[in-house]
Amino acid sequence: MDAIKRLRKDLFTNRGYDPMIIPVKNWSHTLNVAVTFNLDDQHLTWKPEDYGGIGAIRVKPEEVFKPDIMLYNAA
Numbered sequence: 002m003d004a005i006k007r008l009r010k011d012l013f014t015n016r017g018y019d020p021m022i023i024p025v026k027n028w029s030h031t032l033n034v035a036v037t038f039n040l041d042d043q044h045l046t047w048k049p050e051d052y053g054g055i056g057a058i059r060v061k062p063e064e065v066f067k068p069d070i071m072l073y074n075a076a
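If you want my numbering, it's the 1-based position in the sequence shown plus 1.
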């Protein structure tokens, strides 16, 4: 058995690893997360040369499509 297979077996099988169990005791730290999503909307493309060289504009969030985003693994 090669070293990687042996290590994986030791970590995930022999030690009874369970991904449903939080990996620390007495977790009490606050975790702040910032997530950025970019979506290229094919309906909002143009040739800058057709619009005086304008390559980007600002729009209000309610003017564009926003996909539904769900948070998984929320405790």
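Cβ atoms here follow ideal geometry from the backbone N, Cα and C, with glycine treated the same way.
As the structure is a prediction and not an experimental result, all values here were calculated from the model.
Look at the beta carbons and you see the segment 55–72 touching the segment 35–43: at least three pairs across the two are nearer than 8 Å.
Put simply, the backbone Cα of residue 11 is about 25 Å away from that of residue 28. Rounded to whole angstroms, the gap between the alpha carbons of residue 49 and residue 59 is 15 Å. Counting along the chain, residue 9 sits inside the alpha helix (DSSP H) bounded by residues 4–10. Secondary structure at residue 39: coil, using DSSP grouped into helix, strand and coil.
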